[in-house]
Amino acid sequence: MFADEVAERPYNKDVVTASLRHVRLFFLRVQTFVRTVAMVRLWRVAAAVHDLVGWIWDGLLWSAKVN
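All the letters of the sequence shown, read from the start, carry residue numbers 1 to 67 under full-length UniProt numbering.
Structure follows, in structure tokens:
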């Protein structure tokens, strides 16, 4: 009975378009969040490499100063 009522309803393109728009916006938000997390991880890796290079450079300068 319910299926018959649903089948008889007119197809409302605006409702479907609005629903798809909400789905698209949701996925865009998820994509933005994932990209933000990836950028934060990338910045953390870059900061760690920068610190490592700094420590090596400081060690070389200290070694040159001692010798």
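Where a beta carbon is used, it is the ideal one built from N, C-alpha and C, also for glycine.
Could you give the distance in angstroms between the alpha-carbon of residue i and the alpha-carbon of residue j?
i, j, result
"V66", "V53", "20 Å"
"K13", "H22", "14 Å"
"H50", "A18", "47 Å"
"M39", "F26", "20 Å"
"W57", "A48", "14 Å"
"W55", "V16", "58 Å"
"F33", "L42", "14 Å"
"L60", "R44", "24 Å"
"R35", "L20", "22 Å"
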